[in-house]
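Q:
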Ligand code: ADP
Ligand code: MG
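Residue numbers (this note's numbering): 120 to 331.
#1: Is there at least one non-hydrogen atom of the ligand MG closer than 7 Å to the beta-carbon of residue 197?
#2: If contacts are defined as beta-carbon pairs under 8 Å, then residue 260 and residue 278 qualify, I think. What distance do you get, rounded to the angstrom?
#3: Tell me, to the nearest whole angstrom, how far the beta carbon of residue 166 is from that of residue 197; I am working on the premise that it is less than 8 Å.
#4: Any contact of the segment 245-258 with the segment 229-237, i.e. 3+ C-beta pairs under 8 Å?
#5: I'd like to know whether the C-beta atoms of residue 126 and residue 297 end up nearer to each other than 8 Å.
#6: Please find out if some non-hydrogen atom of the ligand ADP comes closer than 7 Å to the beta-carbon of residue 338.
#7: Can you tell me which of the three DSSP states residue 244 falls into?
#8: Take residue 357 and list the residues in its own chain whose beta-carbon comes closer than 8 Å to its own, dropping the five residues that flank it on each side.
#9: Could you tell me the alpha carbon to alpha carbon distance between residue 321 and residue 275, rounded to whole angstroms?
#10: Verify the contact flag: residue 141, CB atom, against every heavy atom of the ligand ADP, threshold strictly below 7 Å.
#11: Are there 16 or more other CB atoms within 10 angstroms of the CB of residue 408, so buried, or fewer, so exposed?
#12: Exposed or buried, residue 141, counting other C-beta atoms within 10 Å across all chains shown (16 or more means buried)?
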């Protein structure tokens with residue numbers, strides 16, 4: 120079975136759970152190179168999303184993702200809220216009216232979501248942001264599609280690429296966001312936004328492991 124509406128809802132719930140569990144971890148990462156609010160921001164945003172679940176539980180995947188995006192934009196301040204809001208709004212545009220997603224659809228979704236983040240935040244690869252986790256994750260999905268890899272394996276490979284991208288932010292000097300104010304002193308710390316992006320994509324791989 121492809122990724123169904125219920126699976127999409129379960130992914131959003133899983134994001135809420137994993138971001139709540141990692142709230143302190145994300146905050147610690149942001150304390151080192153930012154303002155120590157990334158964990159609280161993501162947790163607050165997804166708690167608000169979870170409160171909206173009853174309204175969207177019978178809707179198409181596009182409406183589900185669009186509602187997540189609008190809720191994040193309206194409840195999370197700073198850089199992360201608008202950027203993740205854009206991520207989910209773009210995901211919602213690509214899935215408007217859809218009741219299920221194939222691997223090819225999911226690639227289109229992640230590609231559009233990443234493009235939205237890049238358009239909004241203007242970060243390039245190597246700037247030490249969420250883009251450094253999302254880009255390799257998107258590229259891994261493309262490679263998986265070309266290799267006719269199964270959906271669960273493709274999602275695992277995508278999450279693994281995000282993890283490597285996240286770890287790759289450690290030596291980087293930040294060139295975007297608050298961390299860039301630290302200049303060279305931002306090196307040696309893992310980027311919080313790249314970390315939340317990894318957690319979100321890992322939640323997708325875990326939630327959709329039985330989809331095909
Ligand atoms: P703020 O920096 O406003 O406190 P958060 O702490 O919630 O917001 O989010 C910080 C994260 O946002 C960073 O770790 C980084 O990954 C991401 N980020 C910041 N600026 C940009 C940007 N211009 N493009 C992409 N991601 C960005
Ligand atoms: Mg912050």
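We put the beta carbon where it would ideally sit given N, CA and C, even for glycine.
A: Reading from the atomic positions:
#1: yes
#2: In this structure residue 260 is not in contact with residue 278, their Cβ atoms being roughly 10 Å apart against a cut-off of 8 Å.
#3: In fact, because the Cβ distance is near 16 Å, the residues do not count as touching under 8 Å.
#4: yes
#5: no
#6: Since the displayed the chain opens at 120 and closes at 331, residue 338 lies outside it and no answer follows.
#7: The three-state reading of DSSP puts residue 244 in coil, since its state is none of H, G, I, E or B.
#8: The shown model of the chain, from 120 to 331, leaves out residue 357, and the question about it has no answer.
#9: 7 Å
#10: no
#11: Residue 408 cannot be examined here, being either before or after the span of the chain that is shown, 120 to 331.
#12: Flag for residue 141 reads buried.
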